[in-house]
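Contents: one structure, followed by commentary.
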Amino acid sequence: MWRPQVDFAFIVWQSFPERIVGYPARSHYWDSSRSRWGYTSKWTNDYSMVLTGAAFYHRFYHYLFTQYVPVNLLQTVDRMANCEDILMNFLVSAVTKQPPIKVTQKKQYKETMMAQLLVIDGLTAAAR
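First residue of the sequence shown? That's 1 in the UniProt record's numbering, and the numbers climb one at a time after it.
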C-alpha cells in the first residue's frame, strides 16, 4: 500500500471518525446449503466489514473492545487466533448503527509503478 492511499484513508476517517474506515473489505453471507454463515473476500461492491489491519478507527472503540466486550467473545477470538476484525466491526456497528466505510485502492498501470519504484530506488541510492 502506498503512502497516498494511507493518507487518503486517514482523510476520509477524519470526516467520519465514528466509523471504521479502511481498505480490505469482506462480506458475510448465509450459506443455505451448509445452514451457516460464510465469509468471502471476493472483490465486489457489496461488503459488510473492513479488516482492521489496514483501517482507521477511534481509540474509544479499542477501549470498548478491551473493557466491555463479553469475555466469552474475547476467548473465542483468542482460541481461533482470528476474527478480531469481525468482532470489532460488530462492536462499532452496534454502537453507531452505521456500517464501516471501504475506501478503494487506486489501481496503477505496471509501467507507472515501475517508474515510481525507480525514483524511490534512486532517492534511496542517493541517500546512501
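Ideal placement from N, C-alpha and C gives every residue a C-beta, glycine not left out.
TODO: Determine, using beta carbons only, whether V92 and I20 come nearer to each other than 8 Å.
DONE: yes
- [ ] Give the single residue among I86, Y47, F56 whose Cα lies nearest to the Cα of R6.
- [x] Reading the sequence as shown, one finds Val at residue 6 and not Arg. If we check each option's Cα against that of V6, F56 comes out closest.
Task: Proximal residues to K97 (C-beta, below 6 Å), its chain only, five neighbours per side dropped - done: none
Open item on the list: With three or more C-beta pairs closer than 8 Å as the rule, is the stretch 38 to 57 touching the stretch 22 to 30?
Closed with: yes
Task: Cα-Cα separation, E18 to H58 - done: 7 Å
- [ ] Go through its chain and collect everything with a Cβ distance to W2's Cβ below 7 Å, but skip five positions before and after it.
- [x] none
- [ ] Have a look at A94 and Y61 and give me their C-alpha separation to the nearest angstrom.
- [x] 11 Å
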